[in-house]
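Colleague:
2 protein chains.
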Amino acid sequence: MTSEEKERLRIKADVFKAMGNPVRLGIIEFLDAGEQCVCDIVDHVGTDTSNVSKHLAVLRRQGIVADRREGLKIFYRLTMPCAVDFVRCVEGVIFNRLDEQRAVMSGCGSGLCGR
Amino acid sequence: MTSEEKERLRIKADVFKAMGNPVRLGIIEFLDAGEQCVCDIVDHVGTDTSNVSKHLAVLRRQGIVADRREGLKIFYRLTMPCAVDFVRCVEGVIFNRLDEQRAVMSGCGSGLCGR
DNA sequence: GTAGTATTTGACCTAATGGTCAAATAGTCT
DNA sequence: AGACTATTTGACCATTAGGTCAAATACTAC
Chain A
3 MTSEEKERLR IKADVFKAMG NPVRLGIIEF LDAGEQCVCD IVDHVGTDTS NVSKHLAVLR
63 RQGIVADRRE GLKIFYRLTM PCAVDFVRCV EGVIFNRLDE QRAVMSGCGS GLCGR
Chain B
3 MTSEEKERLR IKADVFKAMG NPVRLGIIEF LDAGEQCVCD IVDHVGTDTS NVSKHLAVLR
63 RQGIVADRRE GLKIFYRLTM PCAVDFVRCV EGVIFNRLDE QRAVMSGCGS GLCGR
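Residue numbers (the numbering used here), protein chains in the order written: chain A, 3 to 117; chain B, 3 to 117.
Here is the structure:
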């Protein structure tokens, strides 16, 4: 693998890394309903403003959201249409995973199950 | 947001987190070509075996890959079909991002561009 | 059994991440 | 101008993640 390929992987991985945090994922899902100001995002995710602001900066840096000022408020919106599709797909995968685990568990009477 | 919703976000975020590393993303892309043994993955990504093994464990824990032993070798395969679609989409987003940056740069003669 | 190969795991260290608080910035209103 | 509101940024700390090496495990072949 060339160093150029590695650099490309690093850039792509940064997008996933930005989505790989519960607060940021919550913001992404919330913004799927439409544009929201920081104050409303803060109310929704339930942590303090400076924390939300930093998470928004991470998402912005990766081109996942964009912002727009209107008076004192700053509104954020999703700019990566497929982001929410990803989340849906991941939900499906997790559902299957839990299903399989349940199948393993129910097929085991000895109590010695699991990897 | 309830603590149950937060827990769900944490679980989903862990899947993205698993994809948010250049080595692991490289493995995912490599496995898109088909099942591969650890030794071939090691050759492809170019780090040492124990490192690859740990990254594979992360992917396995999130249900992104699954393994199968055949003699001495252990073969890994993708179990999350949409994973590679995600990567494609992210590539598109990054491409657009670079395009926008280029547009900003070319529209700026003063050298005072950028956020 | 021993020797050899493929892979995983544990111990350890360094670097990156995320949270919190205070201070700074950017705008509005009087 | 000053007071106020919304948001960002910087400094700091605690936790987590990633890399490396050696040791352990799991299998094959002799």
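Where a beta carbon is used, it is the ideal one built from N, C-alpha and C, also for glycine.
(1) Mind pulling the beta strand (DSSP E) runs of 3 or more residues that sit fully within the region 13–89 of chain B?
(2) Can you list the residues of chain B that N53 (chain A) reaches, using a CB-CB cut of under 8 Å?
(3) Pick from B:L100, B:R99, B:E102 and B:E72: whose alpha carbon is nearest that of E37 (chain B)?
(4) So, under 8 Å CB-CB, L80 (chain B) and R26 (chain B) are touching, yes? Tell me the CB distance rounded to an integer number of Å.
(5) Can you give me the Cβ contacts of F32 (chain B) inside the same chain, cut-off strictly under 6 Å, excluding the 5 residues immediately before and after it?
(6) Taking only beta-carbon positions, decide if V89 (chain A) is within less than 8 Å of chain B.
(7) Anything in chain A within Cβ reach of A15 (chain B), meaning under 8 Å, just list it in chain order.
(8) Check distances from the C-beta atoms of the region 53–78 of chain B to those of chain A and list, in chain order, the residues that come in under 7 Å.
(9) Quick one: what's got a C-beta closer than 7 Å to V67 (chain B)'s C-beta in the same chain, skipping five residues either side?
(10) Give a yes or no on whether the minimum CB-CB distance between C39 (chain B) and chain A is below 8 Å.
(11) Would you mind telling me which residues of chain B sit closer than 8 Å to E93 (chain A), beta carbon to beta carbon, in chain order?
(12) Taking the alpha carbon of T51 (chain B) as the reference point, which residue from B:K75, B:K14, B:E7 and B:N98 has its own alpha carbon closest?
(13) For K19 (chain B), count the other beta carbons within 10 Å of its own beta carbon; 16 or more makes it buried, fewer makes it exposed. Which is it?
(14) Please say whether A15 (chain B) and N23 (chain A) have beta carbons closer to each other than 8 Å?
(15) Could you tell me if Q103 (chain B) is buried or exposed, where buried requires 16 or more neighbouring beta carbons within 10 angstroms of its beta carbon?
(16) Under 8 Å between C-beta atoms, does G111 (chain B) make it to chain A?
(17) Could you tell me which of A:E93, A:K8, A:G65 and A:C41 sits nearest to D101 (chain B), measuring between CA atoms?
(18) For the candidate residues B:G94, B:A85 and B:R90, whose alpha-carbon lies nearest to that of R90 (chain A)?
(19) So with CB distances below 7 Å, who are the chain B contacts of R104 (chain A)?
(20) Using the Cβ count rule (16 or more neighbours within 10 Å means buried), how would you classify G28 (chain B)?
Modeller: Reading off the structure:
(1) 67–72 and 75–80
(2) Indexing the first sequence from 1 puts residue 53 (chain A) at position 51. Here the premise fails: no neighbours, minimum Cβ distance about 14 Å.
(3) Stepping through the second sequence from its first residue, residue 37 (chain B) is reached at position 35. Cα-wise, what sits closest to E37 (chain B) is B:E72.
(4) In the second sequence, residue 80 (chain B) corresponds to position 78, counting from 1. In the second sequence, residue 26 (chain B) corresponds to position 24, counting from 1. Incorrect: roughly 12 Å between the Cβ atoms, too far for contact.
(5) Locating residue 32 (chain B) in the second sequence gives position 30, counting from the first residue. So the list reads H46, once near-sequence residues are dropped.
(6) For the purposes of this step, residue 89 (chain A) is identified with residue 87 of the first sequence, where counting begins at 1. At least one chain B Cβ lies under 8 Å of V89 (chain A).
(7) Position 13 of the second sequence, counted from the first residue, corresponds to residue 15 (chain B). Ordered by position in chain A, the residues that pass the 8 Å Cβ test against A15 (chain B) are M21, G22, N23, P24, R26 and L27.
(8) G65
(9) By 1-based counting over the second sequence, the position of residue 67 (chain B) is 65. The residues are L33, L58, L61, Y78, R79, L80 and T81.
(10) Residue numbering aside, residue 39 (chain B) sits at position 37 when the second sequence is read from its first letter. Taking Cβ atoms only, chain A never reaches closer than 8 Å to C39 (chain B), which makes this a no.
(11) Indexing the first sequence from 1 puts residue 93 (chain A) at position 91. Here the neighbours are K14.
(12) As a first step, residue 51 (chain B) must be located in the second sequence, where it is residue number 49. Considering only alpha carbons, the answer is B:K75.
(13) Counted from its first residue, the second sequence places residue 19 (chain B) at position 17. It is buried - the Cβ of K19 (chain B) has at least 16 other Cβ atoms within 10 Å.
(14) As a first step, residue 23 (chain A) must be located in the first sequence, where it is residue number 21. As a first step, residue 15 (chain B) must be located in the second sequence, where it is residue number 13. Contact: yes.
(15) Here residue 103 (chain B) refers to the residue found at position 101 when the second sequence is read from its first residue. It is exposed - the Cβ of Q103 (chain B) has fewer than 16 other Cβ atoms within 10 Å.
(16) Mapped onto the second sequence, residue 111 (chain B) falls at position 109. Below a pLDDT of 50, predicted positions are generally treated as unreliable, and G111 (chain B), at 38, falls in that range; the measurement from the model is reported next regardless. So, not an interface residue.
(17) In the second sequence, the residue the question calls residue 101 (chain B) occupies position 99. Residue A:G65 is the option with its Cα nearest to D101 (chain B).
(18) Within the first sequence, residue 90 (chain A) is the residue found at index 88, counting from 1. Of the listed residues, the one whose Cα sits closest to R90 (chain A) is B:A85.
(19) What you label residue 104 (chain A) is simply residue 102 of the first sequence in a count that begins at 1. The premise fails here: R104 (chain A) is roughly 13 Å from chain B at the closest Cβ pair, so nothing lies under 7 Å.
(20) Stepping through the second sequence from its first residue, residue 28 (chain B) is reached at position 26. Under this definition G28 (chain B) is a buried residue.
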